[in-house]
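Colleague:
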Amino acid sequence: MLDRTSTQFSHVKPGDTAFTSGGLRDFFLYRDLGIADATHGKVIAHIVKANMAPEKGTGWHRHEADFQIVIMLKGWARFMYEDKETLVEAGDCVHQRPGIRHYLFDYSPDMEYLEIVSPADFKSVDVEPVCAIPEPTPWK
Numbered sequence: 610m611l612d613r614t615s616t617q618f619s620h621v622k623p624g625d626t627a628f629t630s631g632g633l634r635d636f637f638l639y640r641d642l643g644i645a646d647a648t649h650g651k652v653i654a655h656i657v658k659a660n661m662a663p664e665k666g667t668g669w670h671r672h673e674a675d676f677q678i679v680i681m682l683k684g685w686a687r688f689m690y691e692d693k694e695t696l697v698e699a700g701d702c703v704h705q706r707p708g709i710r711h712y713l714f715d716y717s718p719d720m721e722y723l724e725i726v727s728p729a730d731f732k733s734v735d736v737e738p739v740c741a742i743p744e745p746t747p748w749k
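For the sequence shown, the numbering used here assigns the number 610 to the initial residue and increments by one for each residue that follows.
(1) Whose C-beta lies closer than 7 Å to the C-beta of Thr629 among residues of the same chain, with five residues either side of it excluded?
(2) Going by DSSP in three states, Asp625 sits in which element: helix, strand or coil?
(3) Identify, in the order they occur along the chain, each residue of the same chain with its Cβ nearer than 6 Å to the Cβ of Phe636, setting aside the five sequence neighbours on each side.
(4) If I'm right that Arg710 touches Trp669 with Cβ under 8 Å, what's the distance once you round it to whole angstroms?
(5) Which residue or residues does DSSP assign as beta-bridge partners of Trp685?
(6) Quick check on this structure: which residue in Asp730, Tyr712, Met720 has the alpha carbon closest to the alpha carbon of Pro738?
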């Protein structure tokens, strides 16, 4: 049976939390959805949006996490997952299996995605390059 006593009810409206810098990447803005607090750190959910044009991207990395999904809400982003280029567009959902080496290297000015990760304090670990990265699309 699911233990419902260890988490709290949470309801965050768009005006309740602002987009802020200081997240994992300085070229993105993040809006906390209150899930980390409600789950006592079991899960984090935030909306991530483009803040600056892509120049060098995230670099090759992997996450120390048990679960991670990205749901693209607006725009698009191009990732390398291992050696496969993947275009993620509005409406797409990506499950990033634990430990997958990846690189977000290009995104549209209106890119916005929901990211859900467990645990909330997951780590990002730099890894050796897997393959060459295509050039990002210049913003106009």
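The beta-carbon is built from N, C-alpha and C at its ideal position, and this holds for glycine as well.
Modeller: In short:
(1) Leu638, Tyr639
(2) coil
(3) Asn660, Met661
(4) 6 Å
(5) Glu698
(6) Tyr712
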